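Heads up, the thing below is written out as structure tokens.
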Amino acid sequence: MTTETPTRPAAKKTAKTSAPVKSVLNESRQIERAAMLIQMGARMQVLESETTLSYERLIRLYKEIAGKSPSKGQLPFSTDWFLTWQENIHSSLFLNIYEYLAKGIALDPVDQLTKAYRLYTEQIATAQVEPLLSFTRAWRLVKFVDAGMLQRTKCAQCGGMFVTELYENRHYTCGLCNPPARAGKSKNAGALMLH
Numbered sequence: 015m016t017t018e019t020p021t022r023p024a025a026k027k028t029a030k031t032s033a034p035v036k037s038v039l040n041e042s043r044q045i046e047r048a049a050m051l052i053q054m055g056a057r058m059q060v061l062e063s064e065t066t067l068s069y070e071r072l073i074r075l076y077k078e079i080a081g082k083s084p085s086k087g088q089l090p091f092s093t094d095w096f097l098t099w100q101e102n103i104h105s106s107l108f109l110n111i112y113e114y115l116a117k118g119i120a121l122d123p124v125d126q127l128t129k130a131y132r133l134y135t136e137q138i139a140t141a142q143v144e145p146l147l148s149f150t151r152a153w154r155l156v157k158f159v160d161a162g163m164l165q166r167t168k169c170a171q172c173g174g175m176f177v178t179e180l181y182e183n184r185h186y187t188c189g190l191c192n193p194p195a196r197a198g199k200s201k202n203a204g205a206l207m208l209h
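For the numbering used here, count along the sequence shown from 1 and bump the result up by 14.
Following this line, the structure appears as structure tokens:
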């Protein structure tokens, strides 16, 4: 009579699978980036898109920096806002600065966006005009351009580059050269005025 020796179960692997190593330095950079974006007025969707921090972490950071909970609601999803008269002028100014920075030096996309937005707000303040373009709208504008939903078109009269829909007429005239009838008549402080 032969006795069968029981087979031993396969030895369990003790080596841990290699998990991504968390870098303290990288996490610090992500927190710094999120803090800068929050200070510029970025919404939560922008923070989630442009950083690797968790939603919970971003909420805590937002409350700590802004002193309030982030606003809820969807981001602007239509290109129409960027094409109305005053908004188009503001959007075009920002996008021209953004594109100019891209030609000058190699920047991380978020750095390019924040630098362009700062320059936009400085120019608007110098002109003593109310800034219409929020940081989140500026971010969305860049996304629309990258997705091929909006473009810059040269004005046939002044030669300036303006935000337009795709396939705009080659004889495009901007809102400064050919303003709408009610343009520049707003009594609101900080609105564009035509002389």
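Ideal Cβ placement from N, Cα and C applies to all residues, glycine included.
Here the structure is a predicted model, which means the values were calculated and not measured.
Next item on the list: Pair every Cβ in the segment 76-92 with every Cβ in the segment 109-121, then say whether three or more of these pairs are closer than 8 Å.
Entry: The segment 76-92 is not in contact with the segment 109-121.
Item checked: C-alpha gap between R196 and L115, whole angstroms -> Distance between the alpha carbons of R196 and L115: 34 Å.
Notebook entry, point to check: Ends of the alpha helix (DSSP H) at K82?
Noted result: Per DSSP, K82 belongs to no alpha helix (DSSP H) and is neither H nor E.
Item checked: Alpha carbon of G174 to alpha carbon of N183, nearest angstrom -> Looking at the backbone, the Cα of G174 and that of N183 are separated by about 15 Å.
Item checked: Three or more C-beta pairs below 8 Å linking the segment 150-158 and the segment 91-105 -> yes
Next item on the list: Pick out the complete alpha helix (DSSP H) segments inside the segment 70-153, 4 residues or longer, and give them in chain order.
Entry: 99-118 and 123-140
Item checked: Cβ distance (whole Å) where I103 is taken to contact L190 below 8 Å -> 7 Å
Notebook entry, point to check: Alpha carbon to alpha carbon, how far is C188 from K157?
Noted result: Cα to Cα, the separation comes out at about 22 Å.
Check: First and last residue of the beta strand (DSSP E) that includes Q59?
Finding: The continuous stretches of beta strand (DSSP E) do not include Q59, which lies in the alpha helix (DSSP H) extending over residues M58 to E64.
Checklist line | Expected contact under 8 Å - CB spacing of A48 and L61 to nearest Å | finding: 5 Å
Next item on the list: Please determine, among V177, P145 and E144, the residue with the shortest C-alpha to C-alpha distance to D160.
Entry: V177
Margin query: I need the boundaries of the alpha helix (DSSP H) containing R43, first residue and last residue.
Written below: V38 to Q53
Next item on the list: Just confirm the distance between the C-beta atoms of S83 and R57, as a whole number of angstroms; I'd bet it's less than 8 Å.
Entry: Rounded, the Cβ-Cβ distance is 12 Å, inconsistent with contact.
Note to self: Can you give me the C-alpha to C-alpha distance between Q100 and V143, rounded to a whole angstrom?
What the structure shows: 11 Å
Next item on the list: Please work out which residues of its chain come closer than 6 Å, Cβ to Cβ, to P145, disregarding the five sequence neighbours upstream and downstream, and give them in chain order.
Entry: Cβ within range, chain order: T135 and I138.
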